[in-house]
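Colleague: Residue numbers (UniProt numbering), protein chains in the order written: chain A, 1 to 256; chain B, 1 to 256; chain C, 1 to 256; chain D, 1 to 256; chain E, 1 to 256; chain F, 1 to 256.
Every residue gets a Cβ at the ideal spot worked out from N, C-alpha and C, and that includes glycine.
Small disclaimer: the values here were computed from a predicted structure and weren't measured.
What follows is a single structure, and I will ask about it in a moment.
There are 6 protein chains.
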Amino acid sequence: MKRIDGRDYDELRPIKITRNFNNYAEGSVLIEVGNTKVICTASVEDKVPPFQKGTGKGWITSEYSMIPRATEIRIQREATKGKQSGRTMEIQRLIGRALRAVVDLSLLGEKTIWIDCDVIQADGGTRTASITGSFVALVDAVNKLIQKGTINKMPVKNFVSAVSVGIVDNKELLDLCYHEDSNALVDMNIVMTDKGEFIEIQGTGEGGPFSKEKFNSLMELAEKGLKEIIIIQKQVLGKLADKIGVENLEVNSSDT
Amino acid sequence: MKRIDGRDYDELRPIKITRNFNNYAEGSVLIEVGNTKVICTASVEDKVPPFQKGTGKGWITSEYSMIPRATEIRIQREATKGKQSGRTMEIQRLIGRALRAVVDLSLLGEKTIWIDCDVIQADGGTRTASITGSFVALVDAVNKLIQKGTINKMPVKNFVSAVSVGIVDNKELLDLCYHEDSNALVDMNIVMTDKGEFIEIQGTGEGGPFSKEKFNSLMELAEKGLKEIIIIQKQVLGKLADKIGVENLEVNSSDT
Amino acid sequence: MKRIDGRDYDELRPIKITRNFNNYAEGSVLIEVGNTKVICTASVEDKVPPFQKGTGKGWITSEYSMIPRATEIRIQREATKGKQSGRTMEIQRLIGRALRAVVDLSLLGEKTIWIDCDVIQADGGTRTASITGSFVALVDAVNKLIQKGTINKMPVKNFVSAVSVGIVDNKELLDLCYHEDSNALVDMNIVMTDKGEFIEIQGTGEGGPFSKEKFNSLMELAEKGLKEIIIIQKQVLGKLADKIGVENLEVNSSDT
Amino acid sequence: MKRIDGRDYDELRPIKITRNFNNYAEGSVLIEVGNTKVICTASVEDKVPPFQKGTGKGWITSEYSMIPRATEIRIQREATKGKQSGRTMEIQRLIGRALRAVVDLSLLGEKTIWIDCDVIQADGGTRTASITGSFVALVDAVNKLIQKGTINKMPVKNFVSAVSVGIVDNKELLDLCYHEDSNALVDMNIVMTDKGEFIEIQGTGEGGPFSKEKFNSLMELAEKGLKEIIIIQKQVLGKLADKIGVENLEVNSSDT
Amino acid sequence: MKRIDGRDYDELRPIKITRNFNNYAEGSVLIEVGNTKVICTASVEDKVPPFQKGTGKGWITSEYSMIPRATEIRIQREATKGKQSGRTMEIQRLIGRALRAVVDLSLLGEKTIWIDCDVIQADGGTRTASITGSFVALVDAVNKLIQKGTINKMPVKNFVSAVSVGIVDNKELLDLCYHEDSNALVDMNIVMTDKGEFIEIQGTGEGGPFSKEKFNSLMELAEKGLKEIIIIQKQVLGKLADKIGVENLEVNSSDT
Amino acid sequence: MKRIDGRDYDELRPIKITRNFNNYAEGSVLIEVGNTKVICTASVEDKVPPFQKGTGKGWITSEYSMIPRATEIRIQREATKGKQSGRTMEIQRLIGRALRAVVDLSLLGEKTIWIDCDVIQADGGTRTASITGSFVALVDAVNKLIQKGTINKMPVKNFVSAVSVGIVDNKELLDLCYHEDSNALVDMNIVMTDKGEFIEIQGTGEGGPFSKEKFNSLMELAEKGLKEIIIIQKQVLGKLADKIGVENLEVNSSDT
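This is the structure:
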């Protein structure tokens, strides 16, 4: 029995990551996961938030937004309402945490990297696509700092990617599209590194409680998908991928 | 080796739930978990949000706040800043989801139950204490509706409680106090029912990725703690506890 | 003829002030005046507002809030609305003025004391209870500064307490509860020191003008009540009470 | 010994009230009290706030603002800051209460009268000038309703005017200008009717407590000034003044 | 002498308009003008603003935003700041006026068309590109209403497009890129129909006054460019272009 | 055929400019254009916005507001709404640009001149009256700086004034009153210097496109009106007028 878009229960949607999508940002990608499309930019700022001042460490923070007609029904623009929704705040906090967990902030020095995730079309999984795409933008931005000689060690220690899984009509499914997501009894977002370790596990029984067995089979499904996504990230990054996670690698601007 | 407050690694802090803490709310408790103290009130309103109108179903929503000096260092009042922080929004959305997942909203009818969680002292675990305490306040509020004859079946299907677990100094610990929480590499909040099923699993590698094994032993620790908490909820609710989760029980106002 | 709660026209509700209600604040009390309950905390901050910088003088400021279900009908949370009401602003300005009037700010040095009054149950007289309770919290906070040797003279010059009086059904009443307050033709809040001098007199003819005679008898009633309240404050403060208002007393940390 | 502007201690500044200052408002005046200048408009709206709906009664509400350079030093525009200050809220609530206290809202019917007080020059006493001036604008607006036959009894029962008094350099003074006000130890605003009854008495010991004797002599000074101000209001209103406070007077549009 | 990007003084940048860029909106385009890229969506809502209710007429309104890294230097997100800038407001008002001027709102019926212009890369001329692109999105949205039989006459009466002109280093230039725009002494935005008539002429002497002669030669340059842009719009719209501006054309859903 | 107020098609309304309208501002006027009345104040602040710091140049910025009953129907106060409308922002940006264009900011030094335009009665043309009046207030403020010896060259290079023109009932009209403005098909605001050069040309086809011929005749009408307005500005400024636009004139405080 096939899913609404013809996929198998454990099949990802096609993922396409276009690097250097934007002329100005230090790192930028357009990530497309099926019909979900997110522009992720990484911007380097030469200062850190007050709580990080004087520590010698950098910071990574994220902002997330959807254009009003990213969705089936137009949503009100947050700039017009004058405030961000709880959902937006929750998502941008998640993206920031996921990226900070794989970066050695002390190797970054007192800089902030702003990750902006702007969803231009939303068909489910916008927060996980944002993490997967932002990672690539982040690596590009950091690499630009190395090329300029601003920093000399690769601060990114691991790959990180994210995917959603859920239970729809009593079936565990990988990478939910919007139609599936809005009918899911259980909905999970998993963030994992290339070492198979986790950074974030968020499971919610929207439609009622779920058992440990269901949870475990969802986790397995997610792990399968995340391994595939990390392969795509590696392919997209090409030679740059080899610099990630190599302990104490001294990186010269001429190398890159 | 003992923890900072003398507890074992798998030991909860003392929990005290005072019912009818407030003269006005349909349901209200003061929950104390060690030094963490939260006032939870449940207020019944005779209408539902627009998206629920005409469905015959009710709604449960939550708001969360800390008084400025609930914490070691005074925090700025959100009413003065003019907006709620992302953390606040995240927490109040979590509380609302947790309670809705154990309530049959169609048995509630077109009413909203407002759950207000006001933290008057914060020593870690305020969001989980809020869920545990609010559940009791919710049952009291719903029972008042039954006593008045407004509804005639108990809409609450399961007990729900929440606890935090985490890894501090490479040790898995149950029910983190603030000092432990701020030093945790991994931090999880688990919401579980009395059937041992999950409503929410949120694990975050604040200090870096964590393995599946660590995750599993944290889950076990949480389950142990949550079973103990549900026993406390049952004791506190007394005879009312027997009404929860009895399928299709017709409840008379004279019974209660 | 007795009042709704059985009191005489010139009788205060029972007042209970619990010191050190909060683990973190430099000073904190729970004040209960009948069913009205307010948590008052005094927090010391090591800087002053811009207009006070460089003067060598400190500052005392206050913030006031009610939890949503402090009242019969749930009120909307100001943090959610995104702004404080005029009533809130008026009250917190009053509390700040009342306390500043009895403190020698130059003895405090360039510090700010934040007074937070959080009403957890409201049955009339929340602003006057806030002043009466905050005074005790303030003395405790200031005393902590003396004990730590940060300041060496007691900057609090007088006791200050507050009470409401009003005319209900053509009778002058002391210390109105909510039911009386909402039916009062005239409503007054009086702030007085232990010397019998006034800091604030606010009388409002909500239901129409009032004569000078009525005003004078209300003032007398207030004075009677305020003297009684100050006795309670003195009892609650114990030996600390003797340090207040002693001109130029050099206070050693060992004394206290 | 004369005051800074040559007045006696019990002397009002010159007051000038220009009726029909604005082409559009139902009632409007420019009131000048010395160098203080306020435009007061009264606008009639054909509905009431939610809490007054269905009662058959009207409502009077007030808004107050200062243009940025009404003062010696330019103040920031509240529309730019995005919120009104506590001072502004306090003042506009006072103006509204003062006017409502002399109007029989049931004779007004379900209408709202908006009183806008815009200070174009501020030399102390802007809130009391606003009340004195708004009263005249209100009477004109109400009279227009009578002329149009919308209402047929004069709902204004009393004259109302306001003045400030205070203690400067140990002298009681009537009608403080800004220079005096900013040096006052005690500052009072009194609102009185033409019957010599009070609507609002607000006394504040900005610079420390004050005795009952001082309070009483300030009250006397205020009464003297308020009687003079009401005479000016009567002169300004001319024949219309005779309609105020005549019990149950049936007013025809042809009379006015 | 060539311009920074090699163009002649009267040469447009390459324009590319991609229709149906978005899966959900009734009309949507990506417009690229050199390096400036804007997503324009047209969303149909089945109600009108209050001022238009009951008139039988529709409404067209616009919102404009830039993603934070659309520009050389990252700009702060307006949703985070909590308000839209004056520049944003000015631009979205301009877009709305320009489109309304070529639509017979009574043929639209009581519907609102929301035009969202989200700039994903900004190299000058974002407001004019927004108008040019939105026109195409609007025609597609309106056509969808005709196809569905919701309306039966084409309400769009004229083509409308926009371009900027300016004086840089004493030379009149067509279609300024960001580098030119930020060095322009005079900067104009012109909105014109396919009949050669104007809807909006906005000329600003940023660097000082300009003469009538300069103004006239800028107008000529704009007219030349606008004629070329309208040809591009016609090509992009294909057969749909023939339906615009045909008086009282009854359009059947089968025609389109 | 006469206009609604009896004027000829090319006739300005009577203009009256009262200098030194306000006691405190460095420059201030009341400008009356027919029934439109605006208070314009110019306030000097001894610092510049961040983007201008260290440049040695000054800045001129403007804020605009209407009192609520400046208009036929009371409008909501922006301070109450918590934000400025798009119209307000558009107007205040226009006023600022117009004045900056005639001032040599480097002769001003690192100072900001705040131009506040507060409309106390609005009968059309409030933005153009604001520009015309603010110019006079600006000259007075700058002159005060010269008199005090703070600056020694006149930084104002040109007179600047503004007027509206429009097409009503197919007739080109100069200086529209509100009634005309709200019925205009085309509405233009023109800002011109005493040299006959333009600073701002804003034409909008509110009711549909307009031809180049119509535009040109509107421009001519505007030029006629603006020349007359500048004569009035010169008369009002008296001897001060001679100092404007005299290249490199060294101005002594004794001269003025």
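Tell me, which residues are paired with B:F210 by DSSP?
Modeller: Partner(s): A:F198.
Colleague: Tell me the residue span of the beta strand (DSSP E) that contains F:L173.
Modeller: Residues K171 to L174.
Colleague: With a threshold of 9 Å between beta carbons, is D:E206 in contact with chain G?
Modeller: The structure shown contains no chain G; the protein chains it does contain are A, B, C, D, E and F.
Colleague: Return no unless some Cβ of chain A is closer than 9 Å to the Cβ of E:L59.
Modeller: With the sequence shown as reference, residue 59 of chain E is identified as Trp, and Leu is not the correct amino acid for it. With 9 Å as the cut-off, E:W59 does not count as an interface residue toward chain A.
Colleague: Does C:N125 get closer than 9 Å to chain B when you measure Cβ to Cβ?
Modeller: The residue asked about is misnamed: residue 125 of chain C is Gly in this sequence, not Asn. Judged by the 9 Å Cβ criterion, C:G125 is not in contact with chain B.
Colleague: Given a limit of 8 Å on CB to CB distance, which residues of the segment 17 to 33 of chain F reach chain D?
Modeller: The segment 17 to 33 of chain F vs chain D, Cβ under 8 Å: N22, N23, Y24, A25 and S28.
Colleague: Look at C:T41 and C:E32 and say whether their C-beta atoms are less than 9 Å apart.
Modeller: No, the Cβ-Cβ distance between C:T41 and C:E32 is not below 9 Å.
Colleague: Anything in chain D within Cβ reach of residue 283 of chain F, meaning under 8 Å, just list it in chain order.
Modeller: Given a span of 1 to 256 for chain F in the structure shown, any question on residue 283 of chain F remains unanswerable.
Colleague: Compare the beta carbon distance of E:L204 and E:V191 with 9 Å and say whether it is the shorter of the two.
Modeller: According to the sequence displayed, residue 204 of chain E carries Thr and not Leu. Taking 9 Å as the Cβ cut-off, E:T204 and E:V191 do not qualify as a contacting pair.
Colleague: Short of 7 Å Cβ to Cβ, which residues in the segment 91 to 114 of chain E face chain F?
Modeller: So the close ones are R93, R97 and A101.
Colleague: Tell me, please, which residues DSSP counts as bridged to C:A42.
Modeller: According to DSSP, C:A42 bridges with C:G27 and C:I115.
Colleague: So, is the C-beta of D:R69 closer than 9 Å to a C-beta in chain F?
Modeller: D:R69 counts as touching chain F.
Colleague: Please report the residue range of the alpha helix (DSSP H) in which A:R127 lies.
Modeller: Per DSSP, A:R127 belongs to the alpha helix (DSSP H) from T126 to Q147.
Colleague: Is the shortest distance between the beta-carbon of residue 257 of chain B and the beta-carbons of chain A less than 9 Å?
Modeller: Only positions 1 to 256 of chain B appear in this structure, which leaves residue 257 of chain B out of reach.
Colleague: Can you give me the Cβ contacts of F:Q233 inside the same chain, cut-off strictly under 8 Å, excluding the 5 residues immediately before and after it?
Modeller: So the qualifying residues of the chain are I17, T132, F135, V136, F159, S161 and A241.
Colleague: Quick one: list the residues of chain A neighbouring B:K195, beta-carbon separation under 7 Å, in chain order.
Modeller: Those are P209, listed as they occur along chain A.
Colleague: Tell me the rounded alpha-carbon separation between D:T256 and D:G196.
Modeller: For D:T256, the predicted structure reports a pLDDT of 44, less than 50, and the residue's modelled location is therefore unreliable. The matter cannot be settled from this model.
Colleague: Can you check whether the CB of F:K111 is closer than 9 Å to the CB of F:K47?
Modeller: Cβ distance < 9 Å, so F:K47 and F:K111 count as in contact.
Colleague: Is DSSP giving E:V246 helix, strand or coil here?
Modeller: Reduced to three states, the DSSP call for E:V246 is coil.
Colleague: Which residue wins for smallest C-alpha separation from F:D10, given the options F:D194, F:S164, F:K243 and F:E206?
Modeller: If we check each option's Cα against that of F:D10, F:S164 comes out closest.
Colleague: Using a Cβ cut-off of 9 Å (strictly closer), state whether F:V142 contacts chain D.
Modeller: No, because no Cβ of chain D sits closer than 9 Å to the Cβ of F:V142.
Colleague: Our contact map puts C:A101 next to D:G208 with C-beta atoms below 8 Å; I'd like the distance itself, whole angstroms only.
Modeller: Confirmed, Cβ separation roughly 6 Å.
Colleague: So with Cβ pairs under 9 Å, would you call F:T150 a contact of chain D?
Modeller: So no, F:T150 is outside the interface.
Colleague: Closest to A:K53 by C-alpha separation, out of A:S106, A:R127, A:Q76 and A:D118, would be which residue?
Modeller: The option with the nearest alpha carbon to A:K53 is A:S106.
Colleague: To the nearest angstrom, how far is it from the Cα of E:R74 to the Cα of E:V142?
Modeller: Whole-angstrom Cα-Cα distance: 36 Å.
Colleague: Can you tell me which of the three DSSP states C:K57 falls into?
Modeller: Coil at C:K57, not helix or strand.
Colleague: Quick one: give me the first and last residue of the alpha helix (DSSP H) that E:G86 is part of.
Modeller: E:G86 -> alpha helix (DSSP H) spans G86 to R100.
Colleague: Going along the chain, which residues of its own chain have a beta-carbon closer than 7 Å to the beta-carbon of F:V29, five neighbours each way excluded?
Modeller: If we look at F:V29 and ignore the five residues flanking it on each side, its Cβ neighbours are I17, T18, R19, F21, C40, G133, V136 and A137.
Colleague: Mind checking F:S65: buried by the 16 CB within 10 Å criterion, or exposed?
Modeller: Buried is the call here.
Colleague: Can you find a CB in chain C that lies within less than 9 Å of the CB of B:R7?
Modeller: No, its Cβ sits nowhere closer than 9 Å to a Cβ of chain C.
Colleague: According to the Cβ coordinates, are D:D175 and D:G225 closer than 9 Å?
Modeller: It is a contact, given that the beta carbons lie within the stated cut-off.
Colleague: Measuring only the C-alpha atoms, how far is A:I230 from A:G245?
Modeller: Their Cα atoms are separated by approximately 14 Å.
Colleague: Which of the three DSSP states, helix, strand or coil, is assigned to A:S164?
Modeller: It is a strand residue.
Colleague: With distances taken between CB atoms, is the gap from B:M89 to A:S85 smaller than 9 Å?
Modeller: Yes; because the gap between Cβ atoms is below 9 Å, this pair is in contact.
Colleague: Whole angstroms is fine: what's the gap from C:F198's alpha carbon to D:F210's?
Modeller: So the alpha carbons of these two residues sit roughly 5 Å apart.
Colleague: Would you please verify whether the beta carbon of F:M154 is less than 9 Å from any beta carbon of chain E?
Modeller: Not one chain E Cβ lies under 9 Å of F:M154.
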